[in-house]
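Q: Shown below is the structure under consideration.
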Amino acid sequence: MPYRPPLVPYETFVADPPDLPVRQPGEDGVATVGRAEVVATDAHGVTFKAGLSDGGSLVVRVDAAGHGVIRVRLTDDPQARTRSARALPLVHPRAHLAAITVDDTHVHIDAGAAVAEIRLDPWHLRFLAPDGRVLIDQDPGTRDISGRRRTLPFGRSSADGTHVAWHESFVAFGDERFVGFGEKFTPLDKRGQRALMWNYDAFGGESDRSHKNVPFYLSNRGYGVLVDSGMPVQFDVCQSTHSTVQILVPDDLIDYYVLAGPTPTEVLDRFDELTSRPYLPPKWAFGAWISSGFFPDSQQRVLERARRIRERDIPCDVLHLDCYWQVAGRWSDLRWDDEAFPDPTGMLETLTGQGFRVCLWMNPYLMTDSPLYAEAARAGYFLHRADGSTYVANVWHGSYPASAIVDFTNPDAVAWFRGLLRPLLEQGVAVFKTDFAEAVPADAVAHNGMTGVELHNVYTLLFNDLVADLTEEVAGHRTVWARSSYLGGQRHSAQWSGDVNATWPGLASTLRGGLSHGLSGVPFWSHDTGGFHGTPDPELYVRWTQFGALSPLVRLHGTTSRLPWDFPAETERDAVSALRLRYRLMPYLWSAAVEAARTGAPMMRALLVDTPDDPTAWTTDLQYRLGTDLLVAPVTDPSGQRAVYLPTGDDWIDVGTGERHPGGRHLRVTVPLHRMPLYVRHGALVPVVPPAGTVTDGPFDDVTLVSWGGVHTRTVVHDVDGDTVVEAVRDGDTLRVRTDGPLRVRRLSVVGGSAPRQLLLNGEPVTGTPFEDWFPRH
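Number 597 in my numbering belongs to position 320 of the sequence shown; there are no gaps in the numbering.
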């Protein structure tokens, strides 16, 4: 049994991962690569016969899988693939020409931005930058003075005569930082942690459990490592020994990629090339989503909510209906509760006329007392046990009836499930919230023969692919609002952090999770604004709404009401003010979203993305840049105080005070509740529009360009009708702004610095527009 801390509650999950065997005293069972000989070379790489420490042999293949990408495989069978590939491929490598040199002792494989250098005897592999700098170096394995093994180097381990895991180890330099691994709620720098790639119900989002694991990490030395496996891979990031990163892969091979940078953005771009490009949601998805909450609902209540949202001038584009659009306790039937919603078609038409889209909650489980259950079970649409019986699991942790899990490896089950969803989309539903999907038990069996362990992580990709494909077919877009994900899941936009607690620590851990996920290739992320479980106090509600309003996507949702008018009047005022700021910034946010979809760099970006040479940026995890020009520091303490770090390379202007601060310094700030710590990069050109109740589908109109500092600068603004290059040139007391593209700029505003006397827009004089305070005092 694995070690459990004494007297600390441990929640047993319906789908806990299997434990790797524990070595007995004196037992080794480790076969490591000791030497190799070249078997074959081609235009892309080299195949080796590897001699093992136990006298056996394996096949090593090292090749170029893209510019700056080196792939390494160790296996019995050169044709072997990860077990998850039986469901779908996770990585899509492409052959890339490499410059290869071979001599009696060494092999070099040059993929442009990355070079693999192999010593044959004794075996040693390291990866170099083009200038010869070491990016990453294999750890050859160490033993202590008593001969005890301390690390697991490149090779394979067995227990009781069975091969159980492959492994690789890399030297961790003393000042090296490691980020990524998916949506991890732990500190941003994962050094000293053990990241397990196994999707969990994260139970509040305040532990190392994650709904969304990604077997990928970034290093501050200018590279990333990606492991192609859907199995419960473990990354021991300097936990067992401070000097080594160890990777354990319980699969049919180890298959990994080293991705060169040197910048994080370049690594993420190469990551996307291998796994999939992020899907850009439609414009309306960047507006506010307001939820019914997790409590009984009805058509009358939905229409009343919609009326009051518009009446009170609260910006909103999407109304989310959670579980109770269906019959209580019959969730996943995917059928309207006829009593609570007697005319859903009419309701949807009314809401469309008011400018709302509608999102419906759903999941891939079916409760055993559902009227659909018996027939679907007979048809074999669910995962089953080894004896062929339907696998019924406690997916609701005892709070609701046990459920069967739809088997998306069965084409007939896929067709059946699509048939349940299609009428809802055709009726006018715009998007689905795809909840859960982390509950495939380890001992389940799928239609295609996969075990539950093999299917567990990739099941969410099958689920979200199905819903996204059908949504695109009927509604014309691929957006889903997904809780779980895995490698390549950035094609499912958007994703949210799950059922976080409505507490101040919950807000902080949620922010850490979002930054970690963004560094794992997922740019479009959100969270339950206000927290999910419990009722936030008014201050927390305001602070969380400020954080949500300046997140990539925003949704107000919880177990109790998150409607602004259900809080005190001043709380509603401050929360709605934050949402209005979001809508004013929509041209900037949309432009950042387009850039994120093209490059894979997150919208909500840890400071290290833009300043990778700043050591402090690799450990700062309670603030972020939103796009390149805004620095957001959510308040995570009821005192209203916090420390803010301003990254190097730029000066920063405090939006609330107008003060200009140099980068590379820490501030201690106290901010009133009506505003949050928000800074703009000196020299930025930020496009804004007047506040509105909804987001326009077409190009932005009536744009004001705000020049922060009134200095020379250049930027590109993206919109649905194309890109616009904007250049500002300061000439004494004149600021000349020229636009090249379709952006409809009407006004200019200058904030900070010495204000120019004359403003020229495309050669024509314009009157400067006074800056409107983004956090107006009431």
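Positions of the beta carbon are idealized from the N, C-alpha and C atoms, including for glycine.
Where DSSP assigns a beta bridge to residue 714, which residues make up the other side?
A: BP columns for residue 714 are empty, so no partner.
Q: Which whole-angstrom value is the C-beta distance of residue 972 and residue 451, which I expect to be below 8 Å?
A: 48 Å between Cβ atoms; not a contact.
Q: Beta carbon of residue 417, beta carbon of residue 430: below 9 Å?
A: Cβ atoms of residue 417 and residue 430: closer than 9 Å.
Q: Does the beta-carbon distance from residue 324 to residue 338 come in below 9 Å?
A: Yes, the pair counts as a contact, with Cβ atoms nearer than the cut-off.
Q: Compare the C-alpha of residue 1033 against each of 994, 991, 734, 985 and name the closest.
A: Residue 985 is the option with its Cα nearest to residue 1033.
Q: Could you spell out where the alpha helix (DSSP H) holding residue 733 opens and where it closes?
A: It spans 729 to 733 - the alpha helix (DSSP H) in which residue 733 sits, taken as one unbroken run.
Q: State the CB to CB distance for the pair residue 494 and residue 347, rounded to an integer number of angstroms; the pair is presumed to be in contact (CB under 8 Å).
A: With 8 Å as the limit, residue 494 and residue 347 do not qualify as a contact, their Cβ atoms being about 16 Å apart.
Q: In the DSSP assignment, find the beta strand (DSSP E) that holds residue 965 and state where it starts and stops.
A: Where residue 965 is concerned, the enclosing beta strand (DSSP E) stretches over 962 to 965.
Q: Quick check on the DSSP output: the alpha helix (DSSP H) that includes residue 819 runs from which residue to which?
A: Note, residue 819: alpha helix (DSSP H), 815 to 826.
Q: Does DSSP put residue 846 in a helix, in a strand, or in coil?
A: The answer is helix: DSSP assigns residue 846 an H, G or I state.
Q: Measuring alpha carbon to alpha carbon, tell me which of 386, 390, 359, 897 ends up nearest residue 442.
A: It is 359.
Q: By the three-class DSSP mapping on this structure, what secondary structure does residue 941 have?
A: Looking at residue 941 - three-state DSSP - the assignment turns out to be coil, as it is neither helix nor strand.
Q: Quick check: the segment 452 to 462 against the segment 793 to 804, are at least 3 beta-carbon pairs closer than 8 Å?
A: They touch, by the three-pair rule.
Q: Helix, strand or coil for residue 1017 per DSSP?
A: Strand at residue 1017.
Q: Going by alpha carbons, who is nearest to residue 932 out of 914, 954, 916?
A: Closest option to residue 932, Cα to Cα, is 954.
Q: Nearest by alpha-carbon distance to residue 515: which of 905, 446, 376 is it?
A: Residue 515 has its Cα closest to that of 446, out of 905, 446, 376.
Q: Strictly by DSSP, which residues pair up with residue 1004?
A: Bridge partners of residue 1004: 991, 1015.
Q: Is residue 323 close to chain C? Criterion is C-beta to C-beta, closer than 9 Å.
A: Of the protein chains in the structure, only one exists, and it is not chain C.
Q: What residue does the beta strand (DSSP E) around residue 490 start on, and which one ends it?
A: Looking at the DSSP string, the run of the beta strand (DSSP E) that includes residue 490 is 490 to 496.
Q: Select from 855, 782, 814 the residue whose C-alpha is nearest the C-alpha of residue 899.
A: Looking at the Cα atoms, 782 is the closest of the given residues.
Q: What does residue 902 pair with, by DSSP beta-bridge criteria?
A: Paired residue(s): 882, 908.
Q: Suppose the cutoff is 7 Å on Cβ atoms and the five residues either side in sequence are ignored; what does the same chain contact list for residue 298 look like?
A: Hits under 7 Å: 436, 441.
Q: What does a CB cutoff of less than 6 Å around residue 618 pick up in its chain, not counting 5 residues either side in sequence?
A: Contacts found: 576.
Q: Under 8 Å Cβ to Cβ from residue 811, same chain only, skipping five residues before and after it: list those, please.
A: Cβ neighbours of residue 811 beyond the five flanking positions: 778, 779, 780, 835, 836, 837.
Q: Residue 552 lies in the alpha helix (DSSP H); which residues open and close that run?
A: That run of the alpha helix (DSSP H) goes 541 to 552.
Q: Using alpha carbons as the reference points, say which of 670, 672, 681 lies closest to residue 656.
A: Closest option to residue 656, Cα to Cα, is 681.
Q: In the DSSP assignment, what residue or residues form a beta bridge with residue 511?
A: 473, 525, per the DSSP bridge assignment.
Q: Contact check, residue 414 vs residue 403 under 8 Å by CB: the rounded distance?
A: About 4 Å; that satisfies the 8 Å criterion.
Q: Taking 8 Å as the threshold, find out whether the segment 675 to 693 comes into contact with the segment 634 to 650 through three or more Cβ pairs.
A: Judged by Cβ distances under 8 Å, the segment 675 to 693 makes contact with the segment 634 to 650, as three or more pairs qualify.
Q: Near residue 278, which residues of its chain fall below 7 Å by C-beta distance, leaving aside the five closest residues on each side in sequence?
A: The predicted model places residue 278 with a pLDDT of 48, which falls under 50 and marks its position as unreliable, so this point remains unresolved.
Q: DSSP beta-bridge partners for residue 838?
A: Per DSSP, none; premise fails for residue 838.
Q: Would residue 846 be called buried (16 or more neighbouring beta carbons within 10 Å of its own) or exposed?
A: With fewer than 16 other Cβ atoms within 10 Å, it is exposed.
Q: Could you tell me whether the segment 481 to 492 touches the segment 745 to 757, using the rule of 3 or more Cβ pairs below 8 Å?
A: Taking 8 Å as the limit for Cβ pairs, the verdict is that the segment 745 to 757 does not touch the segment 481 to 492.
Q: May I have the straight-line CA-CA distance separating residue 1002 from residue 948, to the nearest angstrom?
A: Distance between the alpha carbons of residue 1002 and residue 948 is about 35 Å.
Q: If contacts are defined as beta-carbon pairs under 8 Å, then residue 345 and residue 389 qualify, I think. What distance do you get, rounded to the angstrom?
A: Right, the Cβ-Cβ distance comes to about 5 Å (below 8 Å), so this counts as a contact.
Q: Using only the alpha-carbon positions, how far apart do residue 532 and residue 307 sit?
A: One C-alpha to the other measures close to 18 Å.
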